[in-house]
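Asker:
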Amino acid sequence: MKTIWLAGLVVAGLVGCSSKDKLDTELEDAQLMGQETVGKRDESYVVQEKKNLIQHLQEVQTDVYTMEENIYGNRDLGNKGKYGVLRDCKMETSPQAGGKVDMIPKNILTEEENKLARQTGVDESGTLITLREEDLNKRLKRFEGYKTSYEKQEEWFDSEIQACRRSQRE
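Add 265 to the 1-based position in the sequence shown for the working numbering, that's all there is to it.
This is the structure:
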């Protein structure tokens, strides 16, 4: 009897958890438009894009790491990035500086990702592991913030590189 009551309590808890995060995605007169759906909800027409959350997180993370490499380069791949291009341009513009140019410090946002708290131990199969666990929404918001910041950095570096190249032509 206790087992049935406990099982019922667990099922009720699971149903309660799953229903609180449930989103209303039903639209009246819905029509597919590429990856989006257009339809009516509450007397208004809306455009709805439904995307798998894990896929979205992966895309945002890939965008962030790609932007980071475009800005700061990758030594292993021989890519100087925009930072290196700007540094080289400034060095060519000011050869009297003797290889020292005034550059802003690098602002690599993802460096802290590897420093997040990890636990070590043994998993359910007996394998020695390291484990990092975090809230999915917090991670998504953090990477979306990184992306916004890198977009601004890319614009800044592009304008600085253009200004430096213009000064070389003068």
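Glycine included, each C-beta is placed from N, C-alpha and C at the ideal position.
Let me know the secondary structure DSSP gives Asn379 once reduced to three states.
Answerer: Three-state result, Asn379: helix.
Asker: For Asn402, does the three-state DSSP call read helix, strand or coil?
Answerer: DSSP places Asn402 in helix when its eight states are reduced to three.
Asker: Mapping the DSSP letters down to three states, classify Lys305 as helix, strand or coil.
Answerer: The answer is strand: DSSP assigns Lys305 an E or B state.
Asker: Just to confirm my understanding: we take Glu357, look at its own chain, exclude 5 residues before and 5 after, and list those with CB closer than 7 Å. What are they?
Answerer: Taken in chain order, the residues that qualify are Gln433.
Asker: Tell me the rounded alpha-carbon separation between Ile426 and Arg352.
Answerer: In a straight line, the C-alpha of Ile426 is about 9 Å away from that of Arg352.
Asker: With a cut-off of 8 Å, do at least 3 Cβ pairs link the stretch 410 to 428 to the stretch 319 to 337?
Answerer: They touch, by the three-pair rule.
Asker: DSSP on Asn344, reduced to helix/strand/coil?
Answerer: Of the three classes helix, strand and coil, the one that applies to Asn344 here is strand, per DSSP.
Asker: For Ile373, which beta-bridge partners are listed by DSSP?
Answerer: In the DSSP output, where bridge partners are listed per residue, Ile373 has none listed.
Asker: Once the 5 residues before and after Val347 are set aside, which same chain residues still bring their CB inside 6 Å of it?
Answerer: Checking the displayed sequence, the identity of residue 347 turns out to be Lys instead of Val. Around Lys347: Ile336, Phe422.
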